[in-house]
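Here the structure comes first, spelled out in C-alpha cells, and everything after it is commentary.
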Amino acid sequence: MGKQRELKWALEDYWRGGLSQEQLLTEAKDIRQQHWQVQLDAGLDWITAGDFALYDHVLNHSYMFSVVPERFHVEQESTWQWDTYFRMARGRSTQGEDGAACEMTKWFDTNYHYLVPELKAGQAFHLKSDVWLDELKQALTLTPNVKAVLIGPLTYLWLSKTQDGSDPLDLLPALLDVYAELLHQVSGLGIQWLQLDEPILGLDLPQAWKQGFESAYNQLKSGATQLMLATYFSELNDNLSLACLLPVPALHLDVVRGKGDLNKVLDRLPPYKILSLGVVNGRNIWRTDEHAVCETITPFQEALGERLWIGSSCSLLHVPEDLDQETQLHTDIKQRFAFAKQKCAEVSAIATRIEKGTWETNQDLAINPKGNLELNARLAELNEHDFRRHSAFEQRKAIQQQAFELPAFATTTIGSFPQTNEIRQARLAYKQGSLSQADYEDAMKQEIQQAVAEQESIGLDVLVHGEAERNDMVEYFGQQLDGYSFTQYGWVQSYGSRCVKPPVITSDIVRNEPMTVRWSQYAQSLTSRPMKGMLTGPITMLCWSFTREDIPLKTQAFQLALALQKEVLDLEAAGITMIQVDEPALREGLPLRKHDWQDYLRWAVDAFRLSVAPVKDSTQIHTHMCYAEFNDIIDAIAQLDADVITIETSRSNMELLDAFEAYAYPNDIGPGVYDIHSPIVPTQEWMVELLRKAAKAIPPEQLWVNPDCGLKTRAWPETRAALTLMVNAAQQLRHEFAQASV
Ligand code: GLN
Ligand code: ZN
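Note that numbering that gives the first Met the number 0 has the sequence shown beginning at 0, numbered continuously upward.
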C-alpha cells in the first residue's frame with residue numbers, strides 16, 4: 000500500500016471523484032517503482048514484478064482472463080476498464096451501474112481477503128494482459144533481472160467458485176491455453192523467470208488435483224522464460240515429491256512454515272533443479288535469526304552450490320512496510336523487528352554470509368528470556384478443573400432462569416452501537432491532548448447513558464453499554480495489558496483499500512488493572528435490566544495480533560486467557576451478571592492441514608474455557624462469532640460451553656443453523672435475524688419468518704433474538720428502526736408459541 004498507505008488514499012480519493020484515473024495510475028506506478036527500488040537497494044539479485052494490484056491480485060487475474068460476471072458487462076470502452084474492475088470488487092465505481100460485488104474470502108490462513116472468481120461450466124478465457132505486461136516493462140526499465148509472477152493455474156481454479164456446481168478443475172485445459180499465451184508474451188519481453196504461485200500444494204489435495212498438477216506442468220514446459228513453481232504458508236508433506244518432480248527448472252519452498260520439508264527435499268530434488276528456500280518469514284515482524292538460518296542451509300549450499308536461491312518465505316504483502324518509520328518503539332523492541340524493507344536486506348545478508356562461509360551469533364533475539372515467573376508457575380500448574388464451570392449447563396440454565404426471569408425469545412444486541420462522529424472526535428481530541436481525561440470519560444459516560452436509554456425505550460431484554468470507548472476490539476485490550484507493543488505505521492492490507500494495524504505480542508501477557516469494569520459498572524447502574532460485560536476472547540486477541548515466535552501459540556493463548564479471567568472475575572465481583580467473550584476469529588485460526596485441526600481446536604477451546612471457568616453458576620457467559628462456517632467446528636463450539644452463543648446467520652437464511660440442528664446443540668443460541676452490514680432496515684415479517692425457521696431447527700426454549708453482529712458501522716436512525724421491529728418480531732413469536740402450547 001506504500002509506506003504511508005499512499006495507495007489507500009489515492010483509491011479512496013478516486014472513488015470519491017477527487018482524483019482522475021490517470022492520477023490514480025500514476026500514483027500506482029510510483030508505488031511500484033519505490034518497492035522495486037527497495038529490493039534493488041537491498042542488493043537482491045532478482046526483483047519480482049507483476050504482483051501489484053489496485054484492489055486484489057486474484058481479481059487482477061480474473062480480469063486478465065476475462066472472468067467478468069455478466070452483471071458487470073459494459074460496452075467496450077477503454078476508460079471503463081478500471082471501473083468494471085472496481086465494480087466487481089465493491090459493487091460500484093465512478094462509472095457504470097451498481098451490481099452485487101463479488102464474494103470476498105480469506106486468502107489461506109492470512110487476514111488478507113481476495114475476491115472469489117466466479118466461473119461456470121464451459122467458461123471461456125480471453126487474455127487481456129496489457130496491464131500486466133506494462134508493469135513488467137516498467138520493471139525492466141530498472142533492471143534486466145526481473146522475475147515475473149502469477150498465481151498458478153491450479154491455485155487460481157481452486158480459489159474459484161462455480162455458480163452451477165460444475166467442477167472448476169474441468170476448466171484446466173482451457174485455462175492452460177491462456178497461461179501458454181502469457182508465457183509466450185513474457186518470453187517476448189526477454190524476461191528470464193516466471194514464478195507461478197501454487198500455495199495449494201500445502202493443502203490436503205484430492206487425487207484429481209494432484210493429477211491436474213502433473214498434466215498442467217508437463218504442458219507448460221517453458222521456452223526462453225524459465226518457470227519457478229512457488230509454494231508457501233505450509234509444509235508440502237505428502238505433496239513434496241509431486242512438487243519436486245514437476246518438470247520446471249526451479250522450486251520455491253516456505254521453510255519457515257514447512258521446516259519438515261527441509262529434511263526430505265534434497266533426496267527428492269532432481270539434479271537439474273534450482274531450489275529456492277524461503278527462510279525469511281513473510282508472515283511476522285521479527286528479525287530473522289540469521290545465525291540459525293545459516294546453520295540450517297549450509298548443507299544445502301554444499302549440496303546445491305549455484306542451484307541454491309534464498310528468499311522470503313512468501314510475498315511481503317502480509318507484513319508492514321518499513322520499520323525505519325517507527326519512532327516511538329522502545330529500542331529494545333525495535334531492534335528485534337524487521338518489516339518488509341528490512342526483510343529484503345536480511346535475504347541479501349544471509350546469501351552473502353553463506354557465500355563467504357562466515358556468520359556471527361545474533362545477540363539477544365529472545366524477548367524476555369526469563370519471562371514472568373509467577374505467570375509461568377500458574378500456567379504450569381493448570382489442571383482440568385481450571386477449564387470447567389462449577390456445574391453442567393442444565394443446572395446453570397435453571398439457576399439463571401430463576402435469576403433473570405427472561406421471556407422466551409429474549410432480545411439482545413452484539414455489543415457495539417453506532418460509532419458517531421462525536422465519539423470519534425472525542426477520542427481523537429483525547430489522544431491529541433486537547434480533551435482532558437476527565438472530560439473524555441464524561442463524554443463516554445454520556446454515550447453510555449444514551450445507549451442505555453435507547454435500548455430501554457426500544458424494549459430490549461438484555462442490554463449492552465455500546466463500546467463507545469473502544470477504537471478496536473483487539474487494540475483496546477492490548478493497550479491495557481502488559482506484553483503488547485504498538486506500531487505507528489504497521490499497516491497490513493486486509494482487503495482493497497482497507498488495512499489493519501495488528502498489535503504485537505512482545506512479552507508475557509499480564510493484566511495489572513481492571514480494563515472494562517468501571518464502564519460496565521456505570522452502565523449497569525443506569526438500568527435494572529441485565530447489562531452484558533463485553534470482552535474480546537483469547538483466540539481473537541491472538542489471531543488479530545502479530546505473535547511471538549519464542550513460545551508456542553498455545554502458551555500465548557493461555558496467558559491471554561488468564562489475563563481475561565481476572566477481568567471476568569472483577570466484572571462478576573462488581574455486580575455484572577452476564578459477560579460476553581467474543582470469539583469471531585475462532586474459525587480463522589484453523590491450520591491449513593486437517594491433521595493439525597484437532598490440536599488447535601483443543602487448545603483454542605481450552606483457552607476460552609479457562610477465561611470464564613471460575614464464575615458462579617448464576618453468571619451467564621455469552622460468546623459471539625461471525626462469518627463462520629460452523630459445520631467443521633460445531634463440536635468445538637459446543638465444547639466452549641458458553642451459556643449463550645450469538646452467530647451470523649441472516650445472510651445465509653438461517654442455513655448455518657443446520658449444523659446446530661444436526662448436532663443437537665445443547666446450549667442457548669441467538670441466530671442473527673438481520674444483516675448489520677447493510678443500512679437497509681429489515682421488515683418485521685422477514686425477521687418473523689427467519690425466527691419461525693430457526694424455531695424448527697432449534698427448540699424454541701434455546702432461542703435468543705439479536706442482529707448478526709455489532710452495530711458500530713451503522714447510524715442511529717436505521718439502528719433504532721431495525722431493533723424496534725426486531726423486538727416486535729420477538730413478541731410476535733412469543734405470542735405464537737404461547738398460543739400453540741395452550
Ligand atoms: N462485541 C463486538 C461488537 O459488537 C463484536 C464484534 C465482532 O464480532 N467482530 O462490535
Ligand atoms: Zn460479529
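We put the beta carbon where it would ideally sit given N, CA and C, even for glycine. Given the structure is predicted, the values throughout are model-derived calculations rather than measurements.
Residue range of the beta strand (DSSP E) that includes residue 498: Segment 497-499, the beta strand (DSSP E) holding residue 498.
Pick from 447, 714, 428 and 657 that is closest to residue 439, judged by C-alpha positions: Looking at the Cα atoms, 428 is the closest of the given residues.
Backbone CA spacing between residue 568 and residue 614 [nearest angstrom]: Using only the alpha carbons, I get a separation of about 7 Å.
Three-state secondary structure assigned by DSSP to residue 613: Residue 613: coil per DSSP, three-state reduction.
Check whether residue 253 and residue 231 have beta carbons under 7 Å apart: Yes.
Cβ-Cβ separation, residue 293 to residue 358 (assumed contact under 8 Å), whole Å: With a Cβ gap of about 4 Å, residue 358 and residue 293 count as contacting.
Residue 233 versus residue 607 - alpha carbon distance: Taken atom to atom, the span from the alpha-carbon of residue 233 to that of residue 607 is near 26 Å.
Endpoints, the alpha helix (DSSP H) within which residue 581 is located: Segment 577-581 is the beta strand (DSSP E) holding residue 581; no alpha helix (DSSP H) there.
Residue(s) in a DSSP beta bridge with residue 311: According to DSSP, which records beta bridges pairwise, residue 311 is partnered with 279.
Given residue 317 as reference, the closest of 300, 96, 279 and 393 once Cα atoms are compared: If you compare the alpha carbons of 300, 96, 279 and 393 with that of residue 317, the shortest gap goes to 279.
Three-state class that DSSP yields for residue 186 in the structure shown: Three-state result, residue 186: helix.
Test: residue 531 CB closer than 7 Å to a CB of chain C: Among the chains in the structure shown there is no chain C, since it carries only a single protein chain.
DSSP state of residue 487 mapped onto helix, strand, coil: Coil at residue 487, not helix or strand.
Beta-carbon proximity of residue 675 to residue 708, cut-off 7 Å: Using a Cβ distance threshold of 7 Å, residue 675 and residue 708 count as a contacting pair.
Three-state secondary structure assigned by DSSP to residue 481: Note: residue 481 maps to strand in three-state DSSP.
Residue 554 (DSSP reduced to helix, strand or coil): Annotated three-state conformation of residue 554 is helix, per DSSP.
Which listed residue (537, 726, 560 and 598) has its alpha carbon closest to that of residue 457: From the listed residues 537, 726, 560 and 598, the smallest Cα separation to residue 457 is found for 726.
Residue 371 versus residue 560 - alpha carbon distance: Their backbone Cα atoms lie some 15 Å apart in a straight line.
Nearest to residue 55 (by Cα), restricted to the options 106, 95 and 665: The shortest Cα separation from residue 55 among 106, 95 and 665 belongs to 106.
heavy atom of ligand 1 below 6 Å from residue 201 C-beta: Residue 201 Cβ: outside cutoff for every heavy atom of ligand 1.
Euclidean distance between Cα positions of residue 518 and residue 565: A straight-line Cα-Cα distance of about 16 Å links residue 518 and residue 565.
N- and C-terminal bounds of the alpha helix (DSSP H) containing residue 686: From DSSP, the alpha helix (DSSP H) with residue 686 extends over 683-696.
Spatial distance of residue 48 from residue 207 (CA atoms): Between residue 48 and residue 207, the C-alpha separation is close to 31 Å.
Best match in 204, 18, 581 and 505 for proximity to residue 414 [C-alpha to C-alpha]: Selected option, being the one with the closest Cα: 581.
Integer Cβ distance of residue 283 from residue 545, believed to fall under 8 Å: In this structure residue 283 touches residue 545 by the C-beta definition: roughly 6 Å separates them, less than 8 Å.
Beta carbon of residue 717 nearer than 7 Å to that of residue 680: Here residue 717 is near residue 680, since their CB atoms are less than 7 Å apart.
C-beta atoms of residue 273 and residue 306 nearer than 7 Å: With respect to the 7 Å criterion, residue 273 and residue 306 are classified as neighbours on the basis of their beta carbons.
CA nearest to the CA of residue 286, picked from 300, 1, 454 and 346: The residue with the shortest Cα to Cα distance from residue 286 is 346.
Top-ranked residue by Cα proximity to residue 202, from 594, 189, 161 and 84: When each option's Cα is compared against that of residue 202, the closest is 594.
Integer-rounded CB distance, given that residue 10 should sit under 8 Å from residue 496: The Cβ separation is near 4 Å, so the contact holds.
Residues bridged to residue 369 [DSSP beta-bridge criterion]: BP columns for residue 369 are empty, so no partner.
Status (buried if at least 16 other CB within 10 Å, exposed otherwise) for residue 40: Sixteen is the threshold: since fewer than 16 other Cβ atoms of the shown chains lie within 10 Å of the Cβ of residue 40, the residue is exposed.
Environment of residue 748 [buried if 16+ CB atoms lie within 10 Å]: With the chain covering only 0 through 741, there is no way to say anything about residue 748.
Segments of 4+ residues assigned as alpha helix (DSSP H) that fall wholly inside the stretch 4-58: Entirely contained in the stretch 4-58, the alpha helix (DSSP H) runs reaching 4 residues are, in chain order, 5-15 and 20-40.
Contact the stretch 319-332 vs the stretch 482-493: 3+ CB pairs below 8 Å: Counting Cβ pairs under 8 Å, three or more are found: they touch.
For residue 696 and residue 656, believed in contact at Cβ under 8 Å, the rounded distance: In this structure, residue 656 and residue 696 form a Cβ contact; the two beta carbons are roughly 4 Å apart against a cut-off of 8 Å.
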